[in-house]
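What follows is a single structure, written as structure tokens, with notes after it.
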Amino acid sequence: MSSSTMTSSSLQANLNPLFERLEGLQMILVTSKMSGSAKPLLKLYNKRLDTSTKDSLFNNSLCSTFASENDEAKRLNIGANKTIISFFDKHIILQSASQKFLTTFIAKNGTNIQLLLDLAPQVAQVASSIKIKDTDADE
162 MSSSTMTSSS LQANLNPLFE RLEGLQMILV TSKMSGSAKP LLKLYNKRLD
212 TSTKDSLFNN SLCSTFASEN DEAKRLNIGA NKTIISFFDK HIILQSASQK
262 FLTTFIAKNG TNIQLLLDLA PQVAQVASSI KIKDTDADE
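For the sequence shown, our numbering begins at 162 and goes up steadily by one.
Printed below as a string of structure tokens:
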């Protein structure tokens, strides 16, 4: 279990304006990077999305994508990554690692990638109010 110093609703209140500031942003996902396993801590959607679109955006394997891609880069002697950007037919997925968190943004194609990159540290700072307990023993 993870506990938080801010309530989920106050975290949402801090992050929801990002959807208004950046046209095309559809989802923000913050996961922990404790003990090599990504645990979803916060998942926010653009309030304009319908339920079926929300369900189609999130895939449980999304949390582990960054780790596997980063491992592959290390094997190719490219080095560790802080950010990975994936392009798909309809979406852009940007995953950015900070010290404790992996922040994932899903946006429509055509969304300004630099603005997404600029948002990552802001989201990580808000997410830092979440206290994380390593619970691998509980699983």
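Heads up, the beta-carbon is just placed ideally off N, CA and C, and yes, glycines get one too.
Buried versus exposed call for N231 [16 or more other C-beta atoms within 10 Å across all chains shown]: Stepping through the sequence shown from its first residue, residue 231 is reached at position 70. The residue is buried, with at least 16 neighbouring Cβ atoms inside 10 Å.
Nonlocal neighbours in the same chain, by C-beta distance under 6 angstroms from I254, ignoring five residues either side: Taking the sequence shown and counting its residues from 1, one reaches residue 254 at position 93. Closer than 6 angstroms at the Cβ level, and outside the excluded window around I254, lie S247, I267.
Per-residue DSSP class, three states only, for Q260: Taking the sequence shown and counting its residues from 1, the one referred to as residue 260 is at position 99. Coil, per DSSP.
Min CB distance S289 to chain D below 9 angstroms: No chain D is present in this structure, which holds just one protein chain.
Straight-line Cα distance separating N273 from P201: Sequence index remark: in the sequence shown, residue 201 carries index 40 (1-based). Sequence index remark: in the sequence shown, residue 273 carries index 112 (1-based). Roughly 25 angstroms between the two C-alpha positions.
DSSP state of T272 mapped onto helix, strand, coil: The sequence position of residue 272 within the sequence shown is 111, counting from 1. It is coil, neither helix nor strand.
Assigned exposure category for S257 - 16 Cβ within 10 Å defines buried: As a first step, residue 257 is located in the sequence shown; it is residue number 96 there, counting from the start. Buried.
For L277, the three-state DSSP class (helix, strand or coil): Working through the sequence shown from its first residue, we reach residue 277 at position 116. In the structure shown, L277 sits in a helix (DSSP, three-state: H, G or I).
Alpha-carbon to alpha-carbon, L278 and V191: Numbered from 1 along the sequence shown, position 30 holds the residue referred to as residue 191. Numbered from 1 along the sequence shown, position 117 holds the residue referred to as residue 278. The alpha-carbon atoms of V191 and L278 are separated by roughly 14 angstroms.
Nearest-angstrom Cα separation, counted from G240 out to N175: Indexing the sequence shown from 1 puts residue 175 at position 14. Indexing the sequence shown from 1 puts residue 240 at position 79. The straight-line gap from Cα to Cα measures roughly 34 angstroms.
For F248, the first and last residue of its enclosing beta strand (DSSP E): Residue mapping note: residue 248 aligns to position 87 of the sequence shown, counting from 1. Counting along the chain, the beta strand (DSSP E) containing F248 begins and ends at 244–248.
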